[in-house]
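UniProt numbering puts the first residue of the sequence shown at 1, with every later residue one more than the last. I have placed the structure first, in the form of structure tokens, so that the comments after it can refer back to it.
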Amino acid sequence: MSSNRISDENLPSEQEPAHGEVERAEDPFADPGLPAHRPRIQDIDERAAKRSERAVAFLFTLSMLATVGFIASFVVFPVDKIVYIWPLGHVSALNFSLGMTLGIALFAIGAGAIHWARTLMSDEEIVQERHPIEATPEVAAQAKKDFLLGSAESGFGRRKLIRNTMFGALAMVPLSGVVLLRDLGPLPEDKLRKTFWKKGLLLINQNTSEPLRPEDVTVGSLTFAQPEGLDEHNENFNNEIAKAALMIVRIQPEEIKDKRELEWSHEGIVAYSKICTHVGCPISLYEQQTHHVLCPCHQSTFDLSDGARVIFGPAGHALPQLRIGVNGEGYLYALGDFDEPVGPSFWERG
1 MSSNRISDEN
11 LPSEQEPAHG
21 EVERAEDPFA
31 DPGLPAHRPR
41 IQDIDERAAK
51 RSERAVAFLF
61 TLSMLATVGF
71 IASFVVFPVD
81 KIVYIWPLGH
91 VSALNFSLGM
101 TLGIALFAIG
111 AGAIHWARTL
121 MSDEEIVQER
131 HPIEATPEVA
141 AQAKKDFLLG
151 SAESGFGRRK
161 LIRNTMFGAL
171 AMVPLSGVVL
181 LRDLGPLPED
191 KLRKTFWKKG
201 LLLINQNTSE
211 PLRPEDVTVG
221 SLTFAQPEGL
231 DEHNENFNNE
241 IAKAALMIVR
251 IQPEEIKDKR
261 ELEWSHEGIV
271 AYSKICTHVG
281 CPISLYEQQT
291 HHVLCPCHQS
301 TFDLSDGARV
311 IFGPAGHALP
321 QLRIGVNGEG
331 YLYALGDFDE
341 PVGPSFWERG
């Protein structure tokens with residue numbers, strides 16, 4: 001019988017490499033250590049250090065000038081001004097100037113910080129052994145010492161030109177963000193408090209575009225109206241109708257619970273804002289028996305027989321009522337504007 005065992009003397013020796021095998025180093029992952037430190041020109045020549053200092057200060061100053069240019073662009077360039085810039089073609093002068101100046105301001109701060117670190121701050125590598133996460137009092141004291149040492153080596157206290165220009169650049173860059181807030185749109189002033197309604201304007205049926213008479217509004221019906229003189233072809237029609245949209249219902253006078261609502265109505269005809277006081281959705285669902293109106297967006301429910309107060313849902317306050325009457329020709333008309341702002345709450349509402 002043949003044996004599967006191999007004689008020990010036929011095995012390759014551990015000291016001698018097998019035929020064709022490359023001899024390996026004893027430790028292929030040995031730590032090569034840190035290379036010898038080579039000083040920079042700024043470390044041995046103060047004139048070179050001064051040049052680097054001036055270069056860093058120039059970049060920080062350039063950032064400040066670019067920030068000023070960013071702010072000035074809002075004043076100099078109108079929104080609709082188009083200019084030709086090769087190779088971009090025809091672009092908005094305002095957008096181009098804003099992007100260019102803000103980009104330069106941010107780039108100059110970053111470039112100045114990098115140039116400062118590479119040429120003037122200490123570049124010696126320090127080996128620190130790993131240590132537990134919890135710092136001992138000795139480690140805390142050493143960290144404070146290292147911080148003070150790093151601050152001294154950076155020249156932050158000694159090189160006042162760099163320090164002052166850096167503070168100036170960092171302080172002015174946020175002004176760009178403040179200016180951008182002004183571009184969110186025109187100031188609202190008192191536009192949110194007023195609508196197109198005023199005393200004497202007729203109530204126009206939105207479906208027929210005809211003035212409304214009391215007999216046109218029957219008990220249990222829901223009618224939508226807009227003020228006289230508001231033309232859908234006008235430039236500001238959407239903005240105005242979003243505040244002036246009106247819903248009209250007729251309730252038996254004895255069923256109206258709110259005293260002021262009854263005084264502001266005409267023979268049980270009440271007019272309320274159609275705009276929900278939650279997020280401004282148009283209200284269009286009316287329940288005849290309960291006189292409740294429902295917003296289809298988030299189910300806010302208002303009781304039109306009781307001052308349009310909120311009885312369910314996330315709306316914060318009741319619907320504003322429009323005081324109405326009948327003129328000499330028998331048409332319904334407004335006796336003024338809404339007594340409070342329509343739609344959702346806003347921080348200036350009070």
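All C-beta atoms in this analysis are idealised placements derived from N, C-alpha and C, irrespective of residue type, glycine included.
Euclidean distance between Cα positions of residue i and residue j
i, j, result
"P341", "C276", "12 Å"
"V127", "Y84", "56 Å"
"D247", "D190", "Checking the displayed sequence, the identity of residue 247 turns out to be Met instead of Asp. Each residue's Cα considered, the two are about 24 Å apart."
"T119", "N236", "60 Å"
"S265", "N95", "52 Å"
"V56", "C281", "55 Å"
"S284", "N327", "28 Å"
"D303", "V293", "7 Å"
"L98", "E215", "60 Å"
"I109", "L149", "24 Å"
"R158", "A152", "8 Å"
"K198", "G268", "21 Å"
"E254", "V178", "56 Å"
"L170", "I133", "33 Å"
"I71", "L181", "12 Å"
"E263", "G336", "14 Å"
"I241", "V249", "19 Å"
"S122", "E53", "14 Å"
"L203", "I324", "9 Å"
"Q142", "E129", "13 Å"
"E232", "N238", "8 Å"
"N207", "F312", "29 Å"
"M166", "F156", "10 Å"
"L62", "F147", "29 Å"
"R213", "V79", "47 Å"
"I6", "D27", "Its pLDDT being 49, under 50, I6 is placed unreliably by the model, and the measurement read from it follows with that caveat. So the two alpha carbons sit approximately 31 Å from each other."
"G229", "S305", "29 Å"
"G307", "N205", "23 Å"
"K257", "N234", "39 Å"
"G350", "R193", "Its pLDDT being 47, under 50, G350 is placed unreliably by the model, and nothing is read from it."
"L88", "A49", "40 Å"
"V310", "E261", "15 Å"
"D45", "R51", "10 Å"
"C295", "E329", "35 Å"
"A245", "S209", "13 Å"
"Y333", "W86", "60 Å"
"S3", "A30", "For S3, the pLDDT reaches just 49, beneath the cut-off of 50, and the residue's location in the model is therefore unreliable, leaving the point undetermined."
"P39", "V139", "29 Å"
Option nearest residue i by Cα separation, candidates the options
i, options, result
"V219", "P314, V270, A105, N234", "V270"
"F224", "K191, G177, K274, F237", "K274"
"Q252", "T290, Y272, G155", "T290"
"K243", "A141, P344, M121, I109", "P344"
"A318", "H278, N327, A72", "H278"
"R163", "W197, G112, N205", "G112"
"C297", "P314, S305, A308, Q321", "P314"
"E125", "L262, R158, H233, P35", "P35"
"G69", "K81, L106, F338", "L106"
"I82", "A93, F346, L65", "A93"
"I104", "W116, L202, V173", "V173"
"W116", "K145, H90, F77, L59", "L59"
"F77", "V91, Q288, R47", "V91"
"L184", "G33, F74, R51", "F74"
"L322", "F196, A140, C295", "F196"
"residue 422", "V139, S154, S209, K145", "Nothing can be reported for residue 422, as the shown portion of the chain is limited to 1 through 350."
Presumed contact (8 Å Cβ cut-off) between residue i and residue j, rounded CB distance
i, j, result
"Y331", "P211", "4 Å"
"Y286", "L222", "4 Å"
"P320", "F346", "With 8 Å as the limit, P320 and F346 do not qualify as a contact, their Cβ atoms being about 14 Å apart."
"M64", "G168", "5 Å"
"L175", "T67", "6 Å"
DSSP beta-bridge partners of residue i
i, result
"M247", "F224, Y272"
"V219", "R250"
"L332", "V326"
"S92", "I82"
"residue 360", "Residue numbering for the chain in the displayed model covers 1 to 350; residue 360 lies beyond these limits and cannot be assessed."
"R309", "D303"
"Q321", "Y272"
"H292", "E287, D303"
"H266", "I269"
Give the list of continuous beta strand (DSSP E) stretches no shorter than 3 residues that lie fully inside the stretch 34-88. 82-85
Mind listing, in chain order, the continuous alpha helix (DSSP H) runs of no fewer than 4 residues lying wholly within the stretch 126-213? 137-154, 160-172, 174-182
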